[in-house]
Structures are given as structure tokens and as C-alpha cells.
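Down below is the structure, laid out as C-alpha cells.
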Amino acid sequence: MNLFGEDDELLDITWYSDEAWFHLTGYVNSQNTCIWATEHSHEIQEVPLHSEKTGVWCTNSRRRTIGPIF
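Residues 940 to 1009 (the working numbering) make up the sequence shown, in order.
And the structure:
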């Protein structure tokens, strides 16, 4: 059974894509974590705002797959 009738042209021009982000440092969102210190409260530790991560993107259609692209 063909859902598109005799004309499969729509399937040839339809593309599906997706992307994903992977943190390289084992980063865990610590936005809701609070640390209380009784000693050395004036010392701070500088950390980057965003951790290192890599993105992966891929797309495919009925006839072709492009990717993954990092």
C-alpha cells in the first residue's frame, strides 16, 4: 500500500535532520548547587561559563544520508 499514491516525488525531496551536543569534560549542570564554606570564604575558583562540548549533526532522505558532521 502506497500512502502517496502513484507519485513518490514527495519522498524524494523530504529531509529529516537532528543534532546532539556532547560535553567533553563530564559536565553536570550545577546551577542548583550551593557550597557553604566556614574557612577561606574569600577564595574563589574561576570556572568557564560553558564546558567544552562537541555537536553532531546528521540528515537523511529516502535516497541519501549526509553526516554525521562534527
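Quick reminder that beta carbons are idealized off the backbone N, C-alpha and C, glycines included. Keep in mind that this is a model prediction, so the values were computed, not measured.
Query                                                                                                         : Result
Bounding residues of the alpha helix (DSSP H) (the contiguous stretch that carries D951)                      : 948-951
Alpha-carbon to alpha-carbon, L988 and Y955                                                                   : 32 Å
Own chain partners of A959 with C-beta closer than 6 Å, once the 5 adjacent residues on each side are dropped : V995
Cutoff 7 Å; reference T998; Cβ partners in own chain excluding five residues on either side                   : W954, Y955, S956, I1005, G1006
Secondary structure of E958, DSSP reduced to three states                                                     : strand
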